[in-house]
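Novice:
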Ligand SMILES: Cc1cc2nc3c(=O)[nH]c(=O)nc-3n(C[C@H](O)[C@H](O)[C@H](O)COP(=O)(O)OP(=O)(O)OC[C@H]3O[C@@H](n4cnc5c(N)ncnc54)[C@H](O)[C@@H]3O)c2cc1C
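Residue numbers (this note's numbering), protein chains in the order written: chain A, 1 to 263; chain B, 1001 to 1390.
1. Would you say residue 193 of chain A reaches chain B, if we count a Cβ-Cβ gap shorter than 8 angstroms as a contact?
2. Who does residue 1146 of chain B pair with in a DSSP beta bridge?
3. Compare the beta carbon distance of residue 1320 of chain B and residue 1242 of chain B with 8 angstroms and say whether it is the shorter of the two.
4. CB residue 4 of chain A to CB residue 111 of chain A, shorter than 8 angstroms?
5. Indicate whether at least one CB of chain B lies closer than 8 angstroms to the CB of residue 190 of chain A.
6. State the DSSP-derived secondary structure class of residue 1137 of chain B, mapped to helix, strand or coil.
7. So, at 6 angstroms on beta carbons, what are the nonlocal neighbours of residue 81 of chain A in its own chain, with the 5 sequence-adjacent residues on each side left out?
8. Considering just the uninterrupted stretch of the alpha helix (DSSP H) at residue 151 of chain A, what are its terminal residues?
9. Would you say the beta carbon of residue 1373 of chain B is closer than 7 angstroms to some non-hydrogen atom of ligand 1?
10. Pull every residue with its beta-carbon under 5 angstroms away from any heavy atom of ligand 3, and keep them in chain order.
11. Residue 10 of chain A and residue 120 of chain A look like a contact to me (Cβ under 8 angstroms); what is the Cβ gap, rounded to whole Å?
12. Using the DSSP secondary-structure output, state which residues sit across from residue 136 of chain A in a beta bridge.
13. Starting from the C-beta of residue 153 of chain A, find all residues in its chain whose C-beta is less than 7 angstroms away, skip the five residues before and the five after it, and write them out in chain order.
14. Within 10 angstroms of its Cβ, does residue 1390 of chain B collect 16 or more other Cβ (buried), or is it exposed?
15. Does the beta carbon of residue 136 of chain A come closer than 8 angstroms to any beta carbon on chain B?
16. Suppose you measure from the CA of residue 1047 of chain B to the CA of residue 185 of chain A; what does that come to, to the nearest Å?
17. Are residue 1203 of chain B and residue 1356 of chain B close, meaning C-beta to C-beta below 8 angstroms?
18. Are the C-beta of residue 46 of chain A and some C-beta of chain B separated by less than 8 angstroms?
19. Could one say the Cβ of residue 1110 of chain B lies closer than 8 angstroms to chain A's Cβ atoms, at least one of them?
20. Could you tell me whether the segment 1086-1098 of chain B touches the segment 1046-1066 of chain B, using the rule of 3 or more Cβ pairs below 8 angstroms?
21. Cutting at 8 angstroms between CB atoms, please list the residues of its own chain near residue 105 of chain A, excluding the five before and the five after it.
22. Could you give the residue range of the alpha helix (DSSP H) that holds residue 1033 of chain B?
23. Would you check if there are 3 or more beta carbon pairs closer than 8 angstroms linking the segment 1329-1342 of chain B to the segment 1274-1289 of chain B?
24. Measuring straight from C-alpha to C-alpha, what distance separates residue 90 of chain A and residue 128 of chain A?
25. Starting from residue 186 of chain A, find everything on chain B with Cβ-Cβ shorter than 7 angstroms and list it in chain order.
26. Taking 8 angstroms as the limit between beta carbons, can you name the residues of its chain near residue 1373 of chain B, skipping five residues before and five after?
27. Using Cβ-Cβ distances below 9 angstroms, what residues of the segment 1345-1372 of chain B are close to chain A?
28. Within 10 angstroms of its Cβ, does residue 228 of chain A collect 16 or more other Cβ (buried), or is it exposed?
29. What does a CB cutoff of less than 7 angstroms around residue 203 of chain A pick up in its chain, not counting 5 residues either side in sequence?
30. Name the DSSP bridge partner or partners of residue 117 of chain A?
31. Terminal residues of the continuous beta strand (DSSP E) containing residue 1276 of chain B?
32. Buried or exposed: which applies to residue 1375 of chain B, given that a residue is buried once 16 or more other Cβ atoms fall within 10 Å of its Cβ?
33. How about the segment 1173-1184 of chain B and the segment 1244-1261 of chain B: do they share at least three Cβ pairs that are nearer than 8 angstroms?
34. Excluding five sequence neighbours on each side, which residues of the same chain lie with their C-beta closer than 7 angstroms to the C-beta of residue 1161 of chain B?
35. Give, in chain order, every unbroken run of the alpha helix (DSSP H) that is at least 4 residues long and sits entirely within the segment 1030-1075 of chain B.
36. Could you check whether residue 1079 of chain B and residue 1020 of chain B sit closer than 8 angstroms to each other, using their CB atoms as the reference points?
What follows is the structure, encoded as structure tokens:
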């Protein structure tokens, strides 16, 4: 079984600051880490590898420094890594990102399972996993908390929803996005750390993936970030309590007082 | 400070520091309170390959030496020496096997110790035999293909939790210093049981128990080296392990210093941060100087011992233990003073460090005994010199 894990390098949000003038992230001096949810995806893959003969390839699209994130994953026991890096990828939205990642999975050829974190902590869209699956024409499940390999060609998974837990059987190849319940990410081992330090990591660009430059990066994106700003402070909130009839009455009065059109 | 460590040695430091930061610091106060055995962390250490640092690759280890082991121990000790002692004590139990066991014994035990699959322990001390190891009463009597062990070992670190025990017993009392031998005893061997877990001042995450042997029968292939080699095995083991106790001291002292400096910069009294008072600065200066001196001593001696079959091993290993152990006690005590009343409260980690530090002056030979060793070695060394210095 070949598992591809997609990871993203993000600023360590524990230390992130917003520039009060430009309203953008101050990246200077902020350590980069693997997106925490993607680390759960790495752990989920390693758990499968503990039980079966799986090999794991970790993928990231990013600038050359994203190499560090890949080596971090290698030091935890992942077998191989590929860096998708090209000037043409800059400015990708989720559509362009999943186009690029999907092309890489296609190029790898023999991938049985693609694992992603449920979302990235910087963008918080949770779109890349499902979009990739759609591009790859794979069945997918989101918010997965448990994965069992049934045989070579199917998985039994549990996914957490607001209502409860759904248990699904999925044929492979398929894509899963995982949540933290898959298990605490393991730390590196010395042997893997030494291997990771020496590993040569292939870098794939637009041409390697057989993509047209206009379909990736900023030009391949349907959305563009026009401006980033800190939301204005919310005005005072009122907590309405008591029996339901009184609550409705109070709410109605509040809305009326705040001159909501139509009341 | 650049200690000219290799890339691999730096990786060991980095990895152990990450374990301390992510796994040990968050739980140390809780484990100190509950006295629960740190199995979770032992599993992390096992999976990280750190248990086999000093064990040759042929037996599943990483092929390093005393220095590599000390680097890991130091980083773990910055978090908690209760946990770091648990880790280091497995090495103490392994050394008699590594240094003196035959090939079959090494193959049988070292790979599991190196992978952290099984913990080891070292059983020498008894109620009547602490500093004076020759006072041990536990006996091993040969009976055909077996030895039968009887007696009780006291205060054995990892007792009850470890699965592999290196145990010293008298095989022939009439032979005096040549009358003791080391045996490998496994948890589950018939006639081998454990006493109650001790309640302690410090290192409360580590387990300390009695080992009880009541007609405990082990096959004769559990004898390490030859009959009568016991005290030599013990001595050579301590030569290898004592720099590691020093490393526990360096780590603890560094941990206490880090908290002290950070605190002294923040705590304001008389309108100024207390670090601006010379009395506090001088304390911090002494703490930092002695901590660095201990580290330099240990790295240097560990390198010396790894590179040479050092004839002065007993002396220099004792120096590591005595100097870094005393430093840790002093630095931890001063750290509590720097933090004042806050330092005395369990909400801050330095009171635990002060309680923990005391053990470094007691186990693996008290610091008085270390000074005896250094003194006796000096006497021997100088007796061989023809030269006069007057
Ligand atoms: C938490 C803990 C864990 C331990 N773990 C282990 C273990 O894993 N395996 C093991 O075998 N043992 C272990 N020990 C035992 C430890 O090694 C002994 O406690 C130590 O060697 C001292 O022996 P003692 O306590 O009997 O003190 P004693 O020997 O009774 O000494 C009492 C005092 O007299 C001093 N003294 C004694 N003789 C002399 C002398 N000749 N010259 C000057 N001063 C002297 C000592 O320095 C000390 O201050 C452990 C002990 C503790 C407390």
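Here a beta-carbon is modelled for each residue, glycine too, at the ideal position from N, C-alpha and C.
Specialist: Straight from the coordinates:
1. Taking the first residue of the first chain as position 1, residue 193 of chain A is located at position 193. Answer yes: the Cβ-Cβ gap between residue 193 of chain A and chain B drops below 8 angstroms somewhere.
2. Locating residue 1146 of chain B in the second chain gives position 146, counting from the first residue. According to DSSP, which records beta bridges pairwise, residue 1146 of chain B is partnered with B/1143, B/1219.
3. Within the second chain, the letter at position 320 stands for residue 1320 of chain B. Within the second chain, the letter at position 242 stands for residue 1242 of chain B. Result yes, Cβ atoms of residue 1320 of chain B and residue 1242 of chain B sit closer than 8 angstroms.
4. Here residue 4 of chain A is taken as the residue at index 4 of the first chain, counted from 1. Here residue 111 of chain A is taken as the residue at index 111 of the first chain, counted from 1. Remark: C-beta atoms of residue 4 of chain A and residue 111 of chain A approach each other more closely than 8 angstroms.
5. Taking the first chain and counting its residues from 1, one reaches residue 190 of chain A at position 190. True, the Cβ-Cβ gap to chain B drops below 8 angstroms.
6. Reading the second chain from its first residue, position 137 is the one you call residue 1137 of chain B. In this structure, residue 1137 of chain B counts as coil in the three-state DSSP scheme.
7. As a working mapping, residue 81 of chain A is identified with position 81 in the first chain. The residues 58, 70, 74, 201, in chain order, have a CB closer than 6 angstroms to that of residue 81 of chain A in the same chain once the five nearest residues on each side in sequence are set aside.
8. To locate residue 151 of chain A, count along the first chain from 1; it is residue 151. Segment 140-151 is the beta strand (DSSP E) holding residue 151 of chain A; no alpha helix (DSSP H) there.
9. Locating residue 1373 of chain B in the second chain gives position 373, counting from the first residue. Ligand 1 never approaches residue 1373 of chain B closely enough for any of its heavy atoms to be under 7 angstroms from the residue's Cβ.
10. Although ligand 3 was asked about, the structure shown includes only ligand 1 as ligands.
11. Against the first chain, residue 10 of chain A aligns to sequence position 10. Against the first chain, residue 120 of chain A aligns to sequence position 120. Indeed, because the Cβ distance is near 6 angstroms, the residues count as touching under 8 angstroms.
12. In the first chain, residue 136 of chain A corresponds to position 136, counting from 1. Note: residue 136 of chain A sits in no beta bridge, so no partner.
13. Reading the first chain from its first residue, position 153 is the one you call residue 153 of chain A. Excluding sequence neighbours, residue 153 of chain A sits near 171, 172.
14. Numbered from 1 along the second chain, position 390 holds the residue referred to as residue 1390 of chain B. Exposed, because fewer than 16 other Cβ atoms sit within 10 Å of the Cβ of residue 1390 of chain B.
15. By 1-based counting over the first chain, the position of residue 136 of chain A is 136. False, the Cβ-Cβ gap to chain B never drops below 8 angstroms.
16. By one-based count along the second chain, residue 1047 of chain B stands at place 47. By one-based count along the first chain, residue 185 of chain A stands at place 185. When the Cα atoms are used, residue 1047 of chain B and residue 185 of chain A turn out to be separated by approximately 12 angstroms.
17. Mapped onto the second chain, residue 1203 of chain B falls at position 203. Mapped onto the second chain, residue 1356 of chain B falls at position 356. Between residue 1203 of chain B and residue 1356 of chain B, the C-beta gap is smaller than 8 angstroms, which places the two residues in contact.
18. Residue numbering aside, residue 46 of chain A sits at position 46 when the first chain is read from its first letter. Judged by the 8 angstroms Cβ criterion, residue 46 of chain A is not in contact with chain B.
19. Here residue 1110 of chain B corresponds to residue number 110 of the second chain, with the count starting at 1. Interface flag for residue 1110 of chain B against chain A is unset, since no Cβ pair is found closer than 8 angstroms.
20. Touching, per the Cβ criterion.
21. On the first chain, residue 105 of chain A is found 105 positions in, with the first residue counted as 1. Once the five neighbours on either side are set aside, the close Cβ partners of residue 105 of chain A are 4, 59, 111, 114, 132, 136.
22. As a position in the second chain, residue 1033 of chain B is number 33, starting the count at 1. From DSSP, the alpha helix (DSSP H) with residue 1033 of chain B extends over 1028-1034.
23. Flag = yes, the segment 1329-1342 of chain B and the segment 1274-1289 of chain B touch.
24. Here residue 90 of chain A is taken as the residue at index 90 of the first chain, counted from 1. Here residue 128 of chain A is taken as the residue at index 128 of the first chain, counted from 1. Roughly 16 angstroms between the two C-alpha positions.
25. Translated into the one-based positions of the first chain, residue 186 of chain A becomes position 186. For residue 186 of chain A, the residues of chain B that pass the 7 angstroms Cβ criterion are 1047, in the order they occur in the chain.
26. Taking the second chain and counting its residues from 1, the one referred to as residue 1373 of chain B is at position 373. Excluding positions up to five away in sequence, the list reads 1314, 1315, 1318, 1365.
27. So nothing in the stretch comes that close.
28. In the first chain, residue 228 of chain A corresponds to position 228, counting from 1. With fewer than 16 Cβ atoms within 10 Å of its Cβ, residue 228 of chain A is classed as exposed.
29. Walking along the first chain from the start, residue 203 of chain A turns up at place 203. Once the five neighbours on either side are set aside, the close Cβ partners of residue 203 of chain A are 83, 85.
30. Within the first chain, the letter at position 117 stands for residue 117 of chain A. Paired residues: A/178.
31. For the purposes of this step, residue 1276 of chain B is taken as the residue at position 276 of the second chain. Note, residue 1276 of chain B: premise wrong, no beta strand (DSSP E); not H, not E.
32. The count along the second chain starts at 1 and reaches residue 1375 of chain B at position 375. By the neighbour-count rule (16 or more Cβ atoms within 10 Å), residue 1375 of chain B is not buried but exposed.
33. No: fewer than three Cβ pairs fall under 8 angstroms.
34. In the second chain, residue 1161 of chain B corresponds to position 161, counting from 1. Within the same chain, residue 1161 of chain B has close Cβ partners 1037, 1119, 1207.
35. Scanning the segment 1030-1075 of chain B from its first residue to its last, the whole alpha helix (DSSP H) runs of 4-plus residues come out as 1039-1047.
36. By one-based count along the second chain, residue 1020 of chain B stands at place 20. By one-based count along the second chain, residue 1079 of chain B stands at place 79. A distance below 8 angstroms separates the beta carbons of residue 1020 of chain B and residue 1079 of chain B.
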